[in-house]
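Everything below concerns the one structure shown next.
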Amino acid sequence: MIRRIAAGGQFGWTLSLSLLSCGSDIDPLDTVGAGTNMSGPGGGPGGGDPSGPGEPTGGTTEASATGVATTTTSGDPTTSGGAEPGREICDEYLACLTVTMPEMVPSAQMGFGPMGTCWEGTPESIQQCINACEGALEALHMTYPTEPACSECEETADCPDGERCTAGSCNPPTCGDGIVDDGEICDYPENGCADCMGATCNPFTNQGCRGEDSCQLVFSDAAFTVCTTSEPLPEGAPCPMLQDYCGLGNICAPAEFVPGCAGTGCCAPLCQLQTSDACPDGLVCGEFFAESALGNYAGVCVPG
């Protein structure tokens, strides 16, 4: 998966284009910059000054394979202090390339593999290689979006702040991404937030209700929600009618699903299917509303 690196640049996209061009004979390492002292896949030194790039002052300008000049600033945190940046992004790029374009792997390995010439240069030139791997991996992910080896992320923690991982990509939260946010009532990819199939409010956040009204999810074959002004019953209390209000985040459930229930139905806690929120001890999150607008995110805590 891609781990976003703050210092992106022309190098990465130049590399991606060269690797994804069918029949291209461009040396992938040419895209790292003419001033970098490295051997390309074909052996021999790269172009430019064989002594390698000088120490950056206000920034070091390199020429990419496309002829476009690019600048790496000395303020990049991955190049300051002489610490060698991580290589994980290049390992991920090579893994993706192995599955999607195996014929390119030998050439790429000589530059970006564990023993590749990329890692023999200065911190500045190493960072250029890392940027190139990041850009190439992003391009491969766009070309092969369903290939797990090229996924941009596996979980939201892999994404930048404010974005989430959906279908292997990092994107800002949006209606239609399948995840119900606090300001949404429903969210199915096929109909976004436009058609909630009878759900008028969110039983976890109260979105959709106004004033003193509170959202109640009604347990039925075709579960639905209503906004009510009733005083809530406490959790575990008997609720003779399934429409009785048990409070935000709870539901009136049939007695068979509520341990110790003394009536035909009792108030039970709801659970979020889309999060890791745990039910109380001894209970598990059961899916009961698959045929409703809440089927992709609302469940009931029931005996395990």
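Heads up, the sequence shown is in the UniProt record's numbering, so the first residue is 1 and it goes up one at a time. Beta carbons: idealized from backbone N, C-alpha and C, even for Gly.
Range of the contiguous beta strand (DSSP E) that encloses residue i
{"i": "Ile251", "result": "Asn250 to Pro254"}
{"i": "Arg164", "result": "Arg164 to Thr166"}
{"i": "Thr228", "result": "Phe224 to Thr228"}
Pick from the options that is closest to residue i, judged by C-alpha positions
{"i": "Pro303", "options": "Glu291, Ala253, Leu294 and Ser292", "result": "Ala253"}
{"i": "Gly265", "options": "Asp244, Asn131, Ile126 and Pro189", "result": "Asp244"}
{"i": "Asn250", "options": "Ser276, Leu270, Asn131 and Met104", "result": "Leu270"}
{"i": "Cys133", "options": "Ala108, Tyr144, Cys193 and Pro123", "result": "Ala108"}
{"i": "Gly211", "options": "Gly168, Cys90, Ser230 and Cys261", "result": "Ser230"}
{"i": "Pro259", "options": "Asp281, Gly198 and Glu120", "result": "Asp281"}
{"i": "Gly247", "options": "Phe204, Thr122, Gly286 and Glu256", "result": "Phe204"}
{"i": "Ser292", "options": "Cys239, Gln207 and Asp221", "result": "Asp221"}
{"i": "Pro172", "options": "Trp119, Ser125, Cys193 and Cys159", "result": "Cys159"}
{"i": "Pro238", "options": "Thr122, Phe257, Phe224 and Thr225", "result": "Phe257"}
{"i": "Gly176", "options": "Ala194, Glu163, Gly168 and Asp182", "result": "Ala194"}
{"i": "Ala290", "options": "Phe219, Gln207, Cys261 and Leu94", "result": "Phe219"}
{"i": "Glu190", "options": "Thr275, Thr117, Ser214 and Gly178", "result": "Gly178"}
{"i": "Ala167", "options": "Pro145, Thr174, Asp182 and Thr275", "result": "Pro145"}
{"i": "Pro240", "options": "Val105, Gly263 and Ala223", "result": "Gly263"}
{"i": "Asp182", "options": "Thr275, Pro102 and Asp161", "result": "Thr275"}
Inter-residue CB distance, residue i and residue j (contact presumed, cutoff 8 Å)
{"i": "Val99", "j": "Ala149", "result": "4 Å"}
{"i": "Cys170", "j": "Glu155", "result": "Going by Cβ atoms, the distance from Cys170 to Glu155 rounds to 10 Å, so no, they are not a contact pair."}
{"i": "Leu283", "j": "Gly299", "result": "That pair is no contact at about 11 Å."}
{"i": "Cys196", "j": "Cys209", "result": "Actually they are not in contact, since the Cβ atoms of Cys196 and Cys209 sit about 13 Å apart, beyond 8 Å."}
{"i": "Cys186", "j": "Leu294", "result": "7 Å"}
{"i": "Leu233", "j": "Cys267", "result": "5 Å"}
{"i": "Cys90", "j": "Phe112", "result": "4 Å"}
{"i": "Glu184", "j": "Gln216", "result": "Their Cβ separation, rounded to whole angstroms, is 18 Å, which puts Glu184 and Gln216 out of contact at 8 Å."}
Boundaries (first-last residue) of the alpha helix (DSSP H) holding residue i
{"i": "Leu270", "result": "From DSSP, Leu270 is part of no alpha helix (DSSP H) but of the beta strand (DSSP E) over Gly265 to Gln272."}
{"i": "Leu94", "result": "Glu88 to Thr100"}
Proximity test, residue i beta-carbon vs the ligand COA heavy atom, cut-off 7 Å
{"i": "Gly260", "result": "Here there are no bound small molecules, and the ligand COA is not part of this structure."}
Residues that residue i bridges to, as DSSP identifies them
{"i": "Gln216", "result": "Val226"}
{"i": "Cys170", "result": "Cys165"}
{"i": "Leu283", "result": "Pro303"}
{"i": "Pro238", "result": "Cys266"}
{"i": "Ala298", "result": "Gln272"}
| task | Taking only runs that begin and end inside the region 107 to 162, name each unbroken alpha helix (DSSP H) of 4 or more residues, in chain order. | result | 123 to 143
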